[in-house]
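Residue numbers (my numbering), protein chains in the order written: chain A, 447 to 987; chain B, 27 to 459. Quick reminder that beta carbons are idealized off the backbone N, C-alpha and C, glycines included. The model shown is predicted, which means the values in this text are computed figures rather than measured ones.
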Amino acid sequence: MTDRDGTDHPAYDAIVVGGGHNGLVNAGYLAKAGLRTLVLEQRDVVGGAAVTEQPVPGFSFTTFSYALSLLRPEIVHELDLVRHGFLPLMMPSSFHPTGDGDYLLLGDDHGQNVQEIRRHCPHDADAYDRYHHDLDRVVQAVQPLFDNPPPDVFGTDPDDQADVAWLLGHLGGVDRAVMHDVVRLLTGSAADWLEDYFRHEAVKGFHASSSIIGSKVGPMSPGSGLVLLFHKMGQHDGHLGSWAFHKGGNGGFTQVLARAATAFGAEIRLGARVGSVLTRDGRALGVALEDGTEVHAPVVVSALDPRRTFLDLVDPRQLPSDLVDSVERIRFRGVSAKVNFALDGLPVFPALPPRPDGGGVEHFGGFLNIGPTIEYVERAFDASKYGWYSERPFIDAAVQSVVDPDMAPPGKHVMSCFVQYAPYELRGSDWESERERFGDTAQAVLESHFPGFGDLVLHRQVVTPVDIERVTGLTEGNIFAGELLAPQMYVFRPAPGWSRYRTPIDGYYQCGSGTHPGGCVIGSPGRLAGQRVLRDLAASR
Amino acid sequence: MPPGVSRCPLVVAGNRWWSRGPAPPTVARVIRTTPFHPRLAALDTQGLYTHWQGHLSALRYSAAPKHEYFAVRSSVGIFDTSPLSKYRVDGPDAERFLAGVLVRDIRGCRPGRAQYTLWCDDRGFVMEDGVVLRRSPTEFLLTTARPNLGRLTDLAGRLRVHIEDVSDGYGMLAVQGPRSRTVLAALAPEVAALPVFAHTSATVAGAPVTISRTGYTGDLGYEVTVAADRALDVLDAVLACGRDHGLRPFGEEALMVLRIEAGLPLLDVEWTNSRLAFTDDQRVTPTELGMGWMLRGVDDPTRPFVGRGAILRELATGASRWTTVGVVVDPAHWNRLHRDAGLLPPTHESPLPHESLLYDSPHREHQVGYVTSLVYSPVLQRHVGLARVSPDLASPGTGLHLELAVHHRTATVRAFTTTLPLFDPPRRTARHD
């Protein structure tokens, strides 16, 4: 927009590149503060990796991301999400076949869980109490870091110094045993951590399942402790580490975010793929869409992953070389795939047969962990080290329609299966050639636990790491927009010196899961980046 | 007391002289089971019960009562409300009788409709609440949480009205949640067009039933009343129809969260039956209970009812001591308060077991109200409660300070008044899906 004296007046105050959940959260905060905010999404649906789609009519698939836990409660309140339909349906149970026909079935009732553990191993029953106490203390110590930007320990700005002082003060207040546990988790393996509590292989296997999600680590690898901790950082309704299915799947959740952002005045444009960020003299001016359209705004926030934020949307030659080097070094290495099923009925676990009255399906209410022991999962990991997918993969499955019948036609079901390991790059083949055989591999594992499973399959969707990258733009199909490795966390996420949502280009910001404290559906990167933008704008006035 | 009935509960149960239910058990029990119990017990993985009006009432059916709660808010749940007392009131003067006993004007309730109502003592204090279904110009069914036959009979005087306790003759099944209409309409097409607070006769599984669009969850929902000896047939049909819709039985734990969200008061929690209270501080008037809306037409001189005079005086003088409101706890302050104390912020999905007090400032200078029920609401994502505050502080959004204990010391958390119900989805009253 140009007025009579030739001055440019951009139609927007801020443009958010990418309508994933962090982009939408960010847009919500900016719009709430009164900025005329535009979200540009390349696809015809918002949500990024958190979408619900119907490849078969009547069956709602969470194509990629499939559950909620880490979303920070502050966002729910500050963006008034309840008003727009926020409804996380907390999972009633976690089900873990132990590989010998038996199972672990854990739920909301701690006392019953202790007895279920005791059924397998009396020694582990009271260990279960200690384990949760110690882990909860670690979460309590680490959680404040999730609600604040990482301090710039390398900076000299007085603001930075105040944040550094806050961090040191906080860490100084942490009990020394808890601090030791923090370090054990951040640097060690999940297997070592679990060995310190449990004896039973299946009990350890159950707890190890969250230590490898989305990461190229096995439960015996150093670093898997960090992944385990990360997945315990969430909560629902005050229950630490608990998970929920959002009504309508995670796509239902991002639709809530879109409604909230729109209600605050943000505009969302679909089918608008951004080619580049426009800059002049080290300042962002707006964006150029791939179709050549230019949209101007003094603030541009990238919700894409750091590779795209720094190397695709802008010219890396505009950036400091150490930043470019750091971004080039970020490990993505996606190892996760999805195999989603439309089912004619509920699978049957022989030790828990369905009752004639339709009851007895409690074990299908939450995650189904197919990875009986640490050794099973570690062996599944082995293949990925050598460029191949697991012959007996780990599967985190969920029959969401049990909790949310709106996901499938009456009597039918949808089953989301998160499958590891499936390395982005295959040695000697490619994912197009291997797609169906990989789907068969996952299905065969399910068949071994749920005999007759194959007869229930009405439709199967195999989503490979290459599909994840192609559809969502996540580099190498890494679901966290950068692996959860210690050198890629907190003050180093996404790169040393650039963890506070700014970039070297004035007016250009980053808010994707590749920034602290992403990934997962957590929203904090979008929120903290929004606060950064608003503070900078206030300071410049 | 009728002949042959002892005051000793050991032999009263299951053997009341008016019972039309199944034959009395051979061994008298203190606590009985409802007509639905054999089937619901088979669905219950917990075996945890409380007792309600002398009947076993499941606290929860699974290890995750919240899942039962979500069934009601997201698909469909069933609750066994059979322990309610049920009274058939009929006769040429039945309308006149009820119009003189109940606070709401029953004359405006047409056959096929239902009313939620209260009854008061002659000082205008609330005794109890209940739901009346009007079946015909001269026949009504009144359901109550506690026995009321004695008082109702005492008030009948010379009116041509017959009051019969039919509590044991019927089972009542609440079918509640967004899919309740779909499930029940498949069994009884009459349900599809049934407006809120209406009822209809229908046949389910060959059994005559009454289906009312009523409930205690604040959601779309119905209650099915069926003769005790056909109760299992009806329940089986509902279970079969609900199987593909995620239907789950829900227990008292889930019900408590649901009814607080719905702003529905509970006798002996929100108030005390005036006749059984020791002091006026324990008593509330309809206005104080948040039921002032029931008083429409109270100044109509053609309808004297018990307590009317006192209620008119209260309205004329503005003598109400309290206003019932919803309260919402500030979630940020709640979290900070506990985190600063080194605790994980708790969420109470079970209502707090005691009354908590409301103040005008964090320093607790003046007590301005009290919270009768407080619970963490999963659909609202915060702690909410039912409260009574000074009328001058009742306007929505008024900031108050709720007393609680943190580390065994008194603390206060910020809270705000709001309107009731706290959760009121449009589907509750919508004509169609």
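Next on the checklist: Beta-carbon within less than 7 Å of T76/B's beta-carbon, same chain only, minus the 5 sequence neighbours each way: which residues are those?
Outcome noted: S83, L85, E278
Next on the checklist: If I follow the unbroken beta strand (DSSP E) through Q500/A, where does it start and stop?
Outcome noted: 498-502
Next on the checklist: Give me the chain A residues within the contact set of K112/B, using Cβ-Cβ distance strictly less than 7 Å, ordered along the chain.
Outcome noted: Ordered by position in chain A, no residue passes the 7 Å Cβ test against K112/B, which lies about 27 Å from the chain.
Checklist entry - Going along the chain, which unbroken runs of the beta strand (DSSP E) with 3 or more residues stay wholly within the region 933-974 of chain A? => result Taking only runs of at least 3 residues, the beta strand (DSSP E) segments lying wholly in the region 933-974 of chain A are 954-956.
Checklist entry - Is there at least one Cβ from chain A nearer than 7 Å to P451/B's Cβ? => result no
Checklist entry - What separation, rounded to the nearest whole angstrom, lies between the Cα atoms of G717/A and V741/A? => result 14 Å
Item to check | Euclidean distance between Cα positions of F739/A and L759/A | outcome: It should be pointed out that residue 739/A corresponds to Thr in this sequence rather than to Phe. So the two alpha carbons sit approximately 15 Å from each other.
Next on the checklist: So, at 6 Å on beta carbons, what are the nonlocal neighbours of L178/B in its own chain, with the 5 sequence-adjacent residues on each side left out?
Outcome noted: Shown here for L178/B: same chain residues with a beta carbon closer than 6 Å to its own, the five before and five after excluded, namely I189 in chain order.
Checklist entry - Since F592/A and P963/A are thought to touch, with beta carbons under 8 Å apart, how far apart are those beta carbons, to the nearest angstrom? => result Contact between F592/A and P963/A is confirmed by a C-beta separation of about 5 Å, below the 8 Å threshold.
Checklist entry - Between the C-alpha atoms of A783/A and M679/A, what's the straight-line distance to the nearest angstrom? => result 23 Å
Checklist entry - Under 7 Å between the Cβ atoms of Y870/A and S836/A? => result no
Checklist entry - Near L261/B, what residues of its chain come up, given a Cβ to Cβ distance below 7 Å and the 5 sequence neighbours on each side ignored? => result F62, R65, L199
Next on the checklist: Within a Cβ cutoff of 6 Å, which residues of the same chain sit near L181/B, ignoring the five residues on either side of it in sequence?
Outcome noted: For L181/B, same chain residues with a beta-carbon under 6 Å away, outside a window of 5 residues either side, are V127 in chain order.
Next on the checklist: Would you say H271/B lies against chain A (beta-carbon separation less than 7 Å)?
Outcome noted: yes
Checklist entry - Between the region 179-206 of chain B and chain A, which residues of the former have a C-beta closer than 8 Å to a C-beta of the latter? => result For the region 179-206 of chain B, which is checked against every Cβ of chain A, the residues closer than 8 Å are R205.
Item to check | Buried or exposed by the 16-neighbour rule on C-beta atoms within 10 Å, applied to V733/A | outcome: buried
Checklist entry - Can you name the start and end residues of the beta strand (DSSP E) that A89/B belongs to? => result Element bounds for A89/B: n/a, residue is neither H nor E.
Checklist entry - Taking Cβ positions only, does M536/A come closer than 7 Å to chain B? => result True, the Cβ-Cβ gap to chain B drops below 7 Å.
Next on the checklist: Rounded to whole angstroms, what is the Cα-Cα separation between F96/B and D356/B?
Outcome noted: 23 Å
Item to check | Residue closest to L735/A, alpha-carbon to alpha-carbon, out of R715/A, G833/A, H809/A, V917/A | outcome: R715/A
Next on the checklist: With distance defined between alpha-carbon atoms, name the residue in F787/A, N786/A, P802/A, G806/A nearest to F795/A.
Outcome noted: G806/A
Next on the checklist: If I follow the unbroken alpha helix (DSSP H) through W612/A, where does it start and stop?
Outcome noted: 604-618
Item to check | Inside the region 165-231 of chain B only - alpha helix (DSSP H) runs reaching at least 4 residues | outcome: 175-182, 206-213
Checklist entry - Which of the residues in the region 79-97 of chain B, read from start to end, lie with their CB under 8 Å from any CB of chain C? => result Looking for chain C here will not work: the only protein chains present are A and B.
Checklist entry - Can the beta-carbon of H646/A be found less than 7 Å from the beta-carbon of C567/A? => result Yes.
Item to check | Within chain A, partners of P109/B - CB distance below 8 Å | outcome: By Cβ distance, chain A contributes nothing, its closest Cβ being about 22 Å from P109/B, past 8 Å.
Checklist entry - Going by the beta-carbon positions, is the gap between A712/A and A473/A smaller than 7 Å? => result Contact: yes.
Checklist entry - S840/A: which of P595/A, V746/A, D570/A, S655/A sits nearest, CA to CA? => result Residue identity check: residue 840/A is Phe in the sequence provided, not Ser. Out of P595/A, V746/A, D570/A, S655/A, S655/A has the C-alpha closest to the C-alpha of F840/A.
Next on the checklist: Can you tell me which residues form a DSSP beta bridge with R534/A?
Outcome noted: Looking at the sequence shown, residue 534/A is not Arg but Pro. Paired residue(s): H692/A.
Item to check | Segment contact flag, the region 347-366 of chain B with the region 303-316 of chain B, C-beta cutoff 8 Å, min 3 pairs | outcome: yes
Item to check | Local Cβ density within 10 Å of V629/A, reported as buried at 16 or more and exposed below that | outcome: Exposed, by the Cβ-count rule.
Checklist entry - If you pair each beta-carbon of the region 597-614 of chain A with each one of the region 631-649 of chain A, do three or more pairs fall below 8 Å? => result no
Next on the checklist: So for D155/B, helix, strand or coil by DSSP?
Outcome noted: Assignment of D155/B by DSSP, reduced to helix, strand and coil, places it in the strand class.
Next on the checklist: Closer than 9 Å between beta carbons: that is the criterion. Which residues of the region 404-434 of chain B meet it against chain A?
Outcome noted: P404, V405, L406, Q407, R408
Item to check | Local conformation of P543/A per DSSP, three classes | outcome: In the structure shown, P543/A adopts extended strand secondary structure according to DSSP, grouped into three states.
Item to check | Of the listed residues P447/B, A456/B, H458/B, nearest to Y242/B (C-alpha basis) | outcome: Scanning P447/B, A456/B, H458/B for the CA closest to the CA of Y242/B turns up P447/B.
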